[in-house]
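S.K.: This is the structure, below, for whatever I ask next.
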Amino acid sequence: RLLALRLLLPIAARRAAAVITVSRHARQELIRVLKIPPEKVHVIHEAPPTHIRPVTDPATLARIQRKYRLPRQFILYVGTIEPRKNLHRLVRAVGQLHQNGRQPHLILAGPNGWLINGSLEKEIENCGLDDYVRYLGYVPQNDLAGIYSSATLFAFPSLYEGFGLPPLEAMTCGLPVLTSRESSMAEICQSAAWLVDPCDESDIAHGLDCLLGQPDLQADLRQKGFERVQTFSWDRVAAETAEVYQKALENDE
4 RLLALRLLLP
14 IAARRAAAVI
24 TVSRHARQEL
34 IRVLKIPPEK
44 VHVIHEAPPT
54 HIRPVTDPAT
64 LARIQRKYRL
74 PRQFILYVGT
84 IEPRKNLHRL
94 VRAVGQLHQN
104 GRQPHLILAG
114 PNGWLINGSL
124 EKEIENCGLD
134 DYVRYLGYVP
144 QNDLAGIYSS
154 ATLFAFPSLY
164 EGFGLPPLEA
174 MTCGLPVLTS
184 RESSMAEICQ
194 SAAWLVDPCD
204 ESDIAHGLDC
214 LLGQPDLQAD
224 LRQKGFERVQ
234 TFSWDRVAAE
244 TAEVYQKALE
254 NDE
């Protein structure tokens, strides 16, 4: 099936009246890899899921914190556990903070992806973080907003994303966000997140240290995040998608 997809996708994309993708970065990749005429490729940003909202009810937060044994303060990552998410460097960055006297916890929430070989667990052990880094595995959607709302900050130093919803989910729940300046992340988050070089664990550590140590900076990014996430909506996605379809139909007549 994968071979068929690789063979048929370029043909289908070039024959299509229009191609919709989710970021300018993804658009550039489609044009470069599949040789699609640029005028046929349209960018329509996604939006956060409508069920992700800040959780402020103390009883609900307490239930979530008990259920997942969450520490009082922690750095949160949400997403699949796989190499492109750059979690090895995130763990080493947290290890640097511990060496310098700061001792944050890191919570990893999400299912295993591809190429899981035990190396991340070994990295955690090598950094002496067995008591400070914990996997939650897959988290049901009705608990996810409560976990976001319990965290201190959100870290997402991914090497490659077509779009990247988790940072917007975190912003929706009022978290300051640290993410990669590569692929689509700078486009999606803009100045509402602390952007780092994902290949430089010291840069990741510096960003985490600044966010953990500066409440005013946290508050500033929370506010910018709230404002940024308001620019994404599924109503707009629907309207822009309908417009692309309408133009494609008109051009096909």
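Here our numbering runs 3 ahead of the position in the sequence shown, where the first position is 1. Cβ coordinates follow ideal geometry from the N, Cα and C atoms, glycine included. Bear in mind that the values here come from a model prediction, so they are computed numbers and not experimental data.
What number of angstroms, rounded off, separates the C-alpha of Thr-24 from the C-alpha of Asn-103?
M.R.: Here residue 24 corresponds to residue number 21 of the sequence shown, with the count starting at 1. Here residue 103 corresponds to residue number 100 of the sequence shown, with the count starting at 1. Thr-24 and Asn-103: Cα-Cα distance of roughly 43 Å.
S.K.: Under three-state DSSP, which class holds Thr-182?
M.R.: Your numbering for residue 182 matches position 179 in the sequence shown. Looking at Thr-182 - three-state DSSP - the assignment turns out to be strand.
S.K.: Could you say which of Leu-198, Ser-187, Tyr-80 lies nearest to Val-262 if we only look at CA atoms?
M.R.: The requested residue 262 is not part of the displayed model; the chain covers only 4 to 256.
S.K.: Apply the 10 Å Cβ neighbour rule to Phe-115 and answer buried if 16 or more other Cβ atoms are within range, or exposed otherwise.
M.R.: Counting from 1 along the sequence shown, the entry for residue 115 is found at position 112. Here the sequence assigns Asn to residue 115, which means Phe is not the residue at that position. Flag for Asn-115 reads exposed.
S.K.: Can you give the Cα-Cα distance for Cys-130 and Gln-106, rounded to whole angstroms?
M.R.: Translated into the one-based positions of the sequence shown, residue 130 becomes position 127. Translated into the one-based positions of the sequence shown, residue 106 becomes position 103. In a straight line, the C-alpha of Cys-130 is about 12 Å away from that of Gln-106.
S.K.: Helix, strand or coil for Asn-115, going by three-state DSSP, please let me know.
M.R.: Translated into positions along the sequence shown, residue 115 becomes position 112. Correct three-state label for Asn-115: strand.
S.K.: Secondary structure at Phe-229, three-state DSSP: helix, strand or coil?
M.R.: In the sequence shown, the residue the question calls residue 229 occupies position 226. Of the three classes helix, strand and coil, the one that applies to Phe-229 here is helix, per DSSP.
S.K.: Taking C-alpha atoms, which residue in Val-46, Ser-122, Cys-176, Ser-205 lies nearest to Gly-165?
M.R.: Position 162 of the sequence shown holds residue 165. Closest option to Gly-165, Cα to Cα, is Val-46.
S.K.: Mind checking whether Ser-161 and Ser-183 have CB atoms under 7 Å apart?
M.R.: Counting from one through the sequence shown, the residue named residue 161 turns up at place 158. Counting from one through the sequence shown, the residue named residue 183 turns up at place 180. Taking 7 Å as the Cβ cut-off, Ser-161 and Ser-183 qualify as a contacting pair.
S.K.: Judging by CA-CA distance, which residue of Lys-43, Leu-73, Ala-16, Arg-30 is the nearest neighbour of Tyr-151?
M.R.: On the sequence shown, position 148 is the one that residue 151 refers to. Nearest of Lys-43, Leu-73, Ala-16, Arg-30 to Tyr-151, Cα basis: Leu-73.
S.K.: Start and end of the alpha helix (DSSP H) containing His-48?
M.R.: Counting from 1 along the sequence shown, the entry for residue 48 is found at position 45. From DSSP, His-48 is part of no alpha helix (DSSP H); its letter is neither H nor E.
S.K.: Just to check my reading of the structure: Ile-78 and Asp-146 have Cβ atoms closer than 8 Å, yes? What is that Cβ distance to the nearest angstrom?
M.R.: Here residue 78 corresponds to residue number 75 of the sequence shown, with the count starting at 1. Here residue 146 corresponds to residue number 143 of the sequence shown, with the count starting at 1. Going by Cβ atoms, the distance from Ile-78 to Asp-146 rounds to 18 Å, so no, they are not a contact pair.
S.K.: Consult DSSP for Ile-39 and reduce its assignment to one of helix, strand or coil.
M.R.: Your numbering for residue 39 matches position 36 in the sequence shown. The answer is coil: DSSP assigns Ile-39 none of H, G, I, E or B.
S.K.: If you compare alpha carbons, which of Leu-12, Leu-178, Lys-43 is closest to Asn-254?
M.R.: Numbered from 1 along the sequence shown, position 251 holds the residue referred to as residue 254. Nearest C-alpha to Asn-254: Lys-43.
S.K.: Using the rule of at least 16 other Cβ atoms within 10 Å of the residue's Cβ for burial, across every protein chain shown, is Trp-117 buried or exposed?
M.R.: For the purposes of this step, residue 117 is identified with residue 114 of the sequence shown, where counting begins at 1. When all chains shown are included, Trp-117 counts as exposed.
S.K.: For the beta strand (DSSP E) containing Gly-98, list its first residue and its last residue.
M.R.: Looking up residue 98 in the sequence shown gives position 95. Per DSSP, Gly-98 belongs to no beta strand (DSSP E); it is in the alpha helix (DSSP H), 90-102.
S.K.: Ala-50 and Val-247: beta carbons closer than 7 Å?
M.R.: Along the sequence shown, read from residue 1 onward, the residue named residue 50 stands at position 47. Along the sequence shown, read from residue 1 onward, the residue named residue 247 stands at position 244. Result no, Cβ atoms of Ala-50 and Val-247 do not sit closer than 7 Å.
S.K.: Based on the DSSP output, what are the partners of Tyr-80 in its beta bridges?
M.R.: To locate residue 80, count along the sequence shown from 1; it is residue 77. In DSSP, Tyr-80 forms a bridge with Leu-111.
S.K.: Taking the beta carbon of Lys-88 as the centre, do at least 16 other beta carbons fall within 10 Å, making it buried, or is it exposed?
M.R.: By one-based count along the sequence shown, residue 88 stands at place 85. The residue in question, Lys-88, is buried, as its Cβ has 16 or more Cβ neighbours within 10 Å.
S.K.: Is it the case that the Cβ atoms of Leu-156 and Leu-178 are separated by a distance below 7 Å?
M.R.: Locating residue 156 in the sequence shown gives position 153, where the first residue counts as 1. Locating residue 178 in the sequence shown gives position 175, where the first residue counts as 1. Yes, Cβ-Cβ distance for Leu-156 and Leu-178 is below 7 Å.
S.K.: Using three-state DSSP, classify Val-58 as helix, strand or coil.
M.R.: Start at 1 with the first residue of the sequence shown, and residue 58 comes out as number 55. Coil.
S.K.: Could you tell me the distance, in whole angstroms, from the CA atom of Ala-96 to the CA atom of Gln-249?
M.R.: Along the sequence shown, one-based indexing puts residue 96 at 93. Along the sequence shown, one-based indexing puts residue 249 at 246. Approximately 48 Å, taken between the alpha carbons.
S.K.: Take Asp-133 and list the residues in its own chain whose beta-carbon comes closer than 7 Å to its own, dropping the five residues that flank it on each side.
M.R.: As a working mapping, residue 133 is identified with position 130 in the sequence shown. Taken in chain order, the residues that qualify are Ile-127.
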